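Visitor: What follows is a structure written as structure tokens; I'll ask about it next.
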Amino acid sequence: MIKAVRGMQDLQPNKKARFRRIEDQARKILGQYGYEEVGLPILETTGLFQRLVGGATDIVEKEMYTFLDRNEESLTLRPEGTAGLVRFVNEHGLAFNQTQKYWYCGPMFRYERPQKGRYRQFDQIGVECIGLAGPDIDAEVLLLSARLWESLGIADKVALELNTLGNVESRRAFSSGLVEYLTPFAAELDADSQRRLTTNPMRILDSKAPKTQEILANAPVLADYLDDESRQHFDGLCAILDAVGIAYQVNPRIVRGLDYYNRTVFEWVTTTLGSQGTVCGGGRYDGLVEQLGGKPTPCVGFALGLDRLALMFEDEATPSKVIDVYGVSVGEPAKIQLIRLAETLRSELGLAIEVHHGAGKLKSQMKRADSSGAQIALLLGEDELNEHSLSVRELRGEGGQVRVPQAEIVEYLRARFS
Ligand code: ATP
Ligand code: MG
Numbered sequence: 097m098i099k100a101v102r103g104m105q106d107l108q109p110n111k112k113a114r115f116r117r118i119e120d121q122a123r124k125i126l127g128q129y130g131y132e133e134v135g136l137p138i139l140e141t142t143g144l145f146q147r148l149v150g151g152a153t154d155i156v157e158k159e160m161y162t163f164l165d166r167n168e169e170s171l172t173l174r175p176e177g178t179a180g181l182v183r184f185v186n187e188h189g190l191a192f193n194q195t196q197k198y199w200y201c202g203p204m205f206r207y208e209r210p211q212k213g214r215y216r217q218f219d220q221i222g223v224e225c226i227g228l229a230g231p232d233i234d235a236e237v238l239l240l241s242a243r244l245w246e247s248l249g250i251a252d253k254v255a256l257e258l259n260t261l262g263n264v265e266s267r268r269a270f271s272s273g274l275v276e277y278l279t280p281f282a283a284e285l286d287a288d289s290q291r292r293l294t295t296n297p298m299r300i301l302d303s304k305a306p307k308t309q310e311i312l313a314n315a316p317v318l319a320d321y322l323d324d325e326s327r328q329h330f331d332g333l334c335a336i337l338d339a340v341g342i343a344y345q346v347n348p349r350i351v352r353g354l355d356y357y358n359r360t361v362f363e364w365v366t367t368t369l370g371s372q373g374t375v376c377g378g379g380r381y382d383g384l385v386e387q388l389g390g391k392p393t394p395c396v397g398f399a400l401g402l403d404r405l406a407l408m409f410e411d412e413a414t415p416s417k418v419i420d421v422y423g424v425s426v427g428e429p430a431k432i433q434l435i436r437l438a439e440t441l442r443s444e445l446g447l448a449i450e451v452h453h454g455a456g457k458l459k460s461q462m463k464r465a466d467s468s469g470a471q472i473a474l475l476l477g478e479d480e481l482n483e484h485s486l487s488v489r490e491l492r493g494e495g496g497q498v499r500v501p502q503a504e505i506v507e508y509l510r511a512r513f514s
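All residue numbers for the sequence shown refer to the working numbering, where the first residue is 97 and numbers rise by one.
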């Protein structure tokens, strides 16, 4: 038997319906804030991620699905969406001197150790705003995400953690300070952190190793290295969030796993998913457009993980199909007439009608009608066919059955479902 690739999950209808629900809510809410949906390729050239995500990040170091195509070009299945979006705005001249608000939804690929809430193919919704520098737009992306949690009924299960990374210089100064502090403890750090001491020191703050965390307790904090403008930006953001009533916790440990962030960074976290608790993360990436050859352009965005979010309401029934009417028939002529009537009802009333196909005695067809969840069954047997009528059977509540002339069935059902 051939099985799915490790870490790539099949989405059964009920699971897919939960993903769909998140996407539908997001589409509605993003529209309310003036964001436009874009569709971007799943494959990009490998260099794009090496350059924008950063060579010393986990993603580029060990998580990318990279291969040579038939033309010997190195391509990578996108591990995240921001790099592709920045490529997109640069390529189409959409970044310079203008504001764009975009979002996208689709699969990302990372070669990680699969576990609950962590897969090798997973879906993200990404939201990116190009061309605005102020804290007001940072606040907006947080507001709209808060509205999304509200609409999904999980607002009380997620909390916002916020930090500022300052500008490039303050990050650099902090990074040196961190290395200086940690170097004497190098031998006691976990293996990943030892390596990061030379490649990507700020990521050490992310380490989950208890000993490393213990050492970090007295490490310098980024706040001490912050430039004035970044400090003002952060204060401005906090003031807006306070004014609109978005609760947050300032967490100086949040650095995010990608190289491109500056100033505002944030995560929406939940305690309901174990160690895969980050459902959404983002921040500013003011240097990225320029890094790809464009003009300096301030940007802010975030990505949320559908797989993790969907786990948060796993116990809730999210129907994968809703059938109003189930049609059963006896004999081929009746079947054909039923198919025609069902078409008319779909057109005229917009009802969801499942016609019984394949073999089956009337009794077993009626069992199917019942388990389909339909409100009523339409029966078309020999008698009904001869007198141009239909039997309408109520499947729920009191039950009951009536004969309705075929010519009146649209009006009958219009009244029934109004
Ligand atoms: P983590 O710290 O959990 O590895 P991350 O910082 O790598 O997350 P981002 O790159 O910021 O995650 O991606 C944004 C969101 O995408 C995450 O908050 C998470 O919900 C989701 N996500 C990231 N990686 C995976 C994965 N392997 N499987 C499922 N969802 C994921
Ligand atoms: Mg990760």
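C-beta: ideal position from N, C-alpha, C; glycine also. For clarity, every value in this text was computed on a predicted model and none was experimentally measured.
#1: Return the residue from the list CYS334, ARG349 and PRO348 that minimises the CA-CA distance to ILE342.
#2: Is the closest heavy atom of ligand 2 to the C-beta of GLY213 under 6 Å?
#3: What is the rounded straight-line gap between the Cα of ARG216 and the Cα of ARG492?
#4: Which stretch, first to last residue, makes up the beta strand (DSSP E) that contains SER487?
#5: Can you give me the start and stop residues for the beta strand (DSSP E) that GLY202 sits inside?
#6: Going by Cα to Cα distance, which pick from GLU490, SER467, VAL361 and GLN502 is closest to GLY477?
#7: DSSP state of ASP324, grouped into three classes?
#8: Between which two residues does the beta strand (DSSP E) harbouring SER425 extend?
#9: DSSP on GLN105, reduced to helix/strand/coil?
#10: Taking 6 Å as the line, does the beta carbon of PHE362 fall inside it for any heavy atom of ligand 1?
#11: Alpha carbon to alpha carbon, how far is GLU386 from VAL182? Give it in angstroms, no decimals.
#12: Report buried or exposed for VAL421, applying the criterion of at least 16 other Cβ atoms within 10 angstroms of its Cβ.
#13: Could you work out which residue in ALA152, TRP364, LEU384 and LEU244 is closest to THR294 when comparing CA atoms only?
#14: Evaluate SER485 with the Cβ neighbour count: other Cβ atoms within 10 Å of its Cβ, from every protein chain shown; 16 or more gives buried, anything less gives exposed.
#15: Please say whether GLU224 and GLY397 have beta carbons closer to each other than 7 Å?
#16: How big is the Cα-Cα spacing for THR172 and ARG166?
#17: Can you have a look at GLU480 and say buried or exposed, based on whether 16 or more other CB atoms are within 10 angstroms of its CB?
#18: Let me check understanding here. Comparing Cα to Cα, which of PRO203, ARG380 and LYS158 lies closest to LEU261?
#19: When every heavy atom of ligand 2 is checked, does at least one fall within less than 6 Å of the C-beta of GLY353?
#20: In three-state terms, what does DSSP make of ILE336?
#21: Compare the C-alpha of THR366 against each of ILE233, ALA406, GLN471 and ILE221 and name the closest.
#22: Can you give the Cα-Cα distance for ASP120 and VAL418, rounded to whole angstroms?
#23: Please report how far the alpha carbon of ASP302 lies from the alpha carbon of VAL317, in whole angstroms.
#24: Considering only residues of the stretch 441-513, which uninterrupted alpha helix (DSSP H) runs meet the minimum length of 4 residues and lie entirely inside it, listed in chain order?
#25: Rounded to whole angstroms, how far is the Cβ of LEU354 from the Cβ of CYS376, which I believe are closer than 8 Å?
#26: Along the chain, where does the alpha helix (DSSP H) containing VAL182 start, and where does it finish?
#27: Between PRO392 and PRO210, what straight-line distance do the alpha-carbon atoms span, to the nearest angstrom?
#28: Do ARG102 and THR45 have their beta-carbon atoms positioned less than 7 Å apart in this structure?
#29: Using only the heavy atoms of ligand 1, determine whether one of them is closer than 6 Å to the beta carbon of ALA399.
#30: Give the DSSP bridge partners of GLY383, in chain order.
#31: Pull up the distance between the alpha-carbon of GLU140 and that of ALA179, whole angstroms please.
#32: Among LEU388, GLY383, LEU337 and ASP403, which one has its Cα closest to the Cα of PRO394?
#33: Residues in its own chain within less than 8 Å of VAL264 by CB, not counting five upstream and five downstream?
#34: Hey, how far is the Cα of ARG512 from the Cα of ILE472?
Guide: Answer, in terms of the structure:
#1: For the purposes of this step, residue 342 is identified with residue 246 of the sequence shown, where counting begins at 1. Comparing Cα-Cα distances from ILE342 to each of CYS334, ARG349 and PRO348, the minimum goes to CYS334.
#2: On the sequence shown, position 117 is the one that residue 213 refers to. No, the beta carbon of GLY213 sits no closer than 6 Å to any heavy atom of ligand 2.
#3: On the sequence shown, position 120 is the one that residue 216 refers to. On the sequence shown, position 396 is the one that residue 492 refers to. Those two C-alpha atoms are separated by around 44 Å.
#4: Within the sequence shown, numbered from 1, the residue matching residue 487 stands at position 391. SER487 -> beta strand (DSSP E) spans 485-490.
#5: Here residue 202 is taken as the residue at index 106 of the sequence shown, counted from 1. 196-205 is the extent of the beta strand (DSSP E) around GLY202.
#6: Here residue 477 refers to the residue found at position 381 when the sequence shown is read from its first residue. When each option's Cα is compared against that of GLY477, the closest is GLN502.
#7: The residue you call residue 324 lines up with position 228 of the sequence shown. ASP324 falls in the helix class under three-state DSSP.
#8: As a first step, residue 425 is located in the sequence shown; it is residue number 329 there, counting from the start. SER425 -> beta strand (DSSP E) spans 421-425.
#9: As a position in the sequence shown, residue 105 is number 9, starting the count at 1. GLN105 falls in the coil class under three-state DSSP.
#10: What you label residue 362 is simply residue 266 of the sequence shown in a count that begins at 1. No, Cβ of PHE362 sits at least 6 Å from all heavy atoms of ligand 1.
#11: Residue mapping note: residue 182 aligns to position 86 of the sequence shown, counting from 1. Residue mapping note: residue 386 aligns to position 290 of the sequence shown, counting from 1. Roughly 10 Å separates the two Cα atoms.
#12: On the sequence shown, position 325 is the one that residue 421 refers to. Buried, by the Cβ-count rule.
#13: For the purposes of this step, residue 294 is taken as residue 198 along the sequence shown, with counting starting at 1. When each option's Cα is compared against that of THR294, the closest is ALA152.
#14: Residue mapping note: residue 485 aligns to position 389 of the sequence shown, counting from 1. Its Cβ being crowded by 16 or more others within 10 Å, SER485 is buried.
#15: Start at 1 with the first residue of the sequence shown, and residue 397 comes out as number 301. Start at 1 with the first residue of the sequence shown, and residue 224 comes out as number 128. Yes, the pair counts as a contact, with Cβ atoms nearer than the cut-off.
#16: The sequence position of residue 172 within the sequence shown is 76, counting from 1. The sequence position of residue 166 within the sequence shown is 70, counting from 1. Rounded to the nearest angstrom, the two C-alpha atoms are 14 Å apart.
#17: Taking the sequence shown and counting its residues from 1, one reaches residue 480 at position 384. That one is buried.
#18: Here residue 261 is taken as the residue at index 165 of the sequence shown, counted from 1. When each option's Cα is compared against that of LEU261, the closest is ARG380.
#19: Working through the sequence shown from its first residue, we reach residue 353 at position 257. Yes, ligand 2 has a heavy atom inside 6 Å of this Cβ.
#20: Against the sequence shown, residue 336 aligns to sequence position 240. ILE336: helix per DSSP, three-state reduction.
#21: Start at 1 with the first residue of the sequence shown, and residue 366 comes out as number 270. Ranking ILE233, ALA406, GLN471 and ILE221 by Cα distance to THR366 puts ALA406 first.
#22: The residue given as residue 120 occupies position 24 in the sequence shown. The residue given as residue 418 occupies position 322 in the sequence shown. Those two C-alpha atoms are separated by around 16 Å.
#23: Reading the sequence shown from its first residue, position 206 is the one you call residue 302. Reading the sequence shown from its first residue, position 221 is the one you call residue 317. Taking the straight line joining both Cα atoms gives about 13 Å.
#24: 458-467, 478-482 and 505-513
#25: Stepping through the sequence shown from its first residue, residue 354 is reached at position 258. Stepping through the sequence shown from its first residue, residue 376 is reached at position 280. Going by Cβ atoms, the distance from LEU354 to CYS376 rounds to 14 Å, so no, they are not a contact pair.
#26: Taking the sequence shown and counting its residues from 1, the one referred to as residue 182 is at position 86. From DSSP, the alpha helix (DSSP H) with VAL182 extends over 178-187.
#27: Translated into the one-based positions of the sequence shown, residue 392 becomes position 296. Translated into the one-based positions of the sequence shown, residue 210 becomes position 114. Rounded to whole angstroms, PRO392 to PRO210 spans 38 Å at the Cα level.
#28: Look at the range of the chain in this structure, 97 to 514, and you will see that residue 45 is not part of it.
#29: Along the sequence shown, read from residue 1 onward, the residue named residue 399 stands at position 303. Under cutoff, so the answer is yes.
#30: Taking the sequence shown and counting its residues from 1, the one referred to as residue 383 is at position 287. Bridge partners of GLY383: none, in fact.
#31: As a first step, residue 140 must be located in the sequence shown, where it is residue number 44. As a first step, residue 179 must be located in the sequence shown, where it is residue number 83. So the two alpha carbons sit approximately 9 Å from each other.
#32: Start at 1 with the first residue of the sequence shown, and residue 394 comes out as number 298. For PRO394, the nearest C-alpha among the options comes from GLY383.
#33: One-based indexing of the sequence shown puts residue 264 at position 168. Once the five neighbours on either side are set aside, the close Cβ partners of VAL264 are ASN358 and GLY383.
#34: As a first step, residue 512 is located in the sequence shown; it is residue number 416 there, counting from the start. As a first step, residue 472 is located in the sequence shown; it is residue number 376 there, counting from the start. Answer to the nearest angstrom: the Cα atoms are 10 Å apart.
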